[in-house]
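These notes concern the structure reproduced below.
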Amino acid sequence: MSPIDMLVNSTIRPDVRAVASYHVADASGFIKLDAMENPYHLPHHLRQVLAQRLADVALNRYPVASYASIKQRINDKLGVPAGYDVILGNGSDELISILCMACAMQDRRAVVVAPTPSFVMYQRSAQFAGMDYVGVPLKADMTLDLPAMLVAIAEHKPALVFLSYPNNPTGNLFAEADIVAIIKALDGFGLAIVDEAYEPFAQQTFMQRLPEFHNLVVMRTVSKLGLAGIRLGYMSAAPQLLAELDKVRPPYNINVLTQVAAEFALDHVEVLNQQAAALRAARADLTAALARMPGVEVFPSAANFILIRVPNSDDVHAKLLSHKVLIKNVSKMHSVLANCLRITVSTPEENSAFLDAFAASLAA
Ligand code: PMP
């Protein structure tokens, strides 16, 4: 064994060495429908003003660590209830990691429970923080198995339960009553994290219910709204809880460029909201077009992506790549997703280019 291999083996944890890196496909030259991005740019005139603001940012200074002005805009414009505040993350990915780091215990292995399949970072962050992860399979129709969730909660007494609302990669909203039952079952020992990354497309939220449940955490991101590149997530919870979670956050985790861009974009949030409305309309059109295709099963979506099942997902995925269309093949994630593909909703032009390539790929 070479000296560097020996060094890696003696320093890096075996469970870290055993996992593959988070894979992001190279999308250059492709119609990119794999990552739930908003395909629309900010309008040109707004970008010009933003460019000027960014040019004036003092790159030599650390960010203003309180982040009060971004937080104020989030609280005012994104529906945070009165008396509640947010903490910010470098994407909600970082917030998931902060939650796990804050709740991992040193004298025993704390547990994270989540339905599976769901967003992969719940499991990864739990593992990297040294927590046990328990995935509770969804039912065949992708709905939540509430009795199984309640059994897992009673058995493992998890510190955290992550509920993606709507769920990624299935696109559906779990029943509100089921989520409330889970929040109540965790009362006294665990936090329920309702991850509303796709809220602009679902228009259903637990944010207003924060005052009802002191163990509820609502997490969101501006990524799907059209700002994936700036990396900004936020979460709200009871102030005492939020103050503890904030101690784990790296002090300057939101950089100065993100800070200025986020404030600017939130001052023009109506533009982003209109784009989300266009994508909701496009989702309805794309869903209807897919449902008309023979052999294609379409699952209902409240997000900006659609889950479908085809006769041979690997084959269709490969053929779409040859047509320069990139979607996500989720068929190997979990047995419930056998032969499933996930398509991000895009502009009418890109959706129709996808549909043409998809029809050709199914037929061939
Ligand atoms: N939560 C869910 C359910 C997601 O699907 C994603 C992104 N795919 C995230 C959180 C992370 O979003 P970001 O880090 O871009 O804020």
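When we follow the UniProt record's numbering, the leftmost residue of the sequence shown carries the number 1, and every step to the right adds one.
Beta carbons: idealized from backbone N, C-alpha and C, even for Gly.
For residue i, the three-state DSSP class (helix, strand or coil)
i: I327; result: coil
i: T258; result: helix
i: F299; result: coil
i: K32; result: strand
i: S236; result: strand
i: residue 368; result: Absent from the model: residue 368. The displayed extent of the chain is 1 to 364, so no value can be given.
i: F358; result: helix
i: T344; result: strand
i: L191; result: strand
i: F162; result: strand
i: G226; result: helix
i: E16; result: Contrary to the premise, residue 16 reads as Val rather than Glu in this sequence. The answer is helix: DSSP assigns V16 an H, G or I state.
i: V248; result: helix
i: V269; result: helix
i: A288; result: helix
i: L216; result: strand
i: P211; result: helix
i: V134; result: strand
i: A129; result: coil
i: V111; result: strand
i: L307; result: strand
i: F86; result: Checking the sequence, you will find Val at residue 86 rather than Phe. Correct three-state label for V86: strand.
i: T170; result: coil
i: T11; result: helix
Neighbourhood of residue i by C-beta, 6 Å cutoff - its chain only, sequence neighbours within 5 removed
i: A261; result: I230
i: V256; result: V57 and P63
i: L272; result: L225 and G226
i: V222; result: L232
i: K157; result: F189
Contact test: residue i Cβ vs the ligand PMP heavy atom, cutoff 7 Å
i: M207; result: no
Spatial neighbours of residue i in its chain, beta-carbon cut-off 8 Å, leaving aside the 5 residues before and after
i: D285; result: P348 and N351
i: A364; result: K319
i: V296; result: L290, I308, R309, V310 and L362
i: A65; result: P251 and Y252
i: A360; result: K319 and H323
i: I306; result: G171, R283, L286, T287, L290, V298, F299, R342, I343 and V345
i: L54; result: L257, V260 and A261
Same chain, Cβ closer than 7 Å to residue i, neighbours up to 5 away in sequence not counted
i: F358; result: L320
i: V80; result: I74, V86, M207 and S236
i: I96; result: M121, Y122 and S125
i: I183; result: A192, F213, N215 and L216
i: M131; result: C100, A104, R109, A110, V111 and V112
i: K332; result: none
i: A25; result: D34 and L326
i: A148; result: V136
> Using the beta carbon as the reference atom, which residues fall closer than 6 Å to any heavy atom of the ligand PMP, ordered along the chain?
Replying inline: M36, G91, S92, D93, F119, S164, N168, D195, A197, T221, S223, A228 and G233
> With contact counted as at least three CB pairs below 8 Å, one residue from each stretch, are the region 321 to 335 and the region 28 to 36 in contact?
Replying inline: yes
> Counting pairs of Cβ atoms below 8 Å between the region 93 to 109 and the region 242 to 256, do you hit three or more?
Replying inline: yes
> For the region 108 to 122 against the region 309 to 316, are there 3 or more C-beta pairs whose distance is under 8 Å?
Replying inline: no
>> Three or more C-beta pairs under 8 Å: does that hold for the region 40 to 48 against the region 336 to 344?
In response: no
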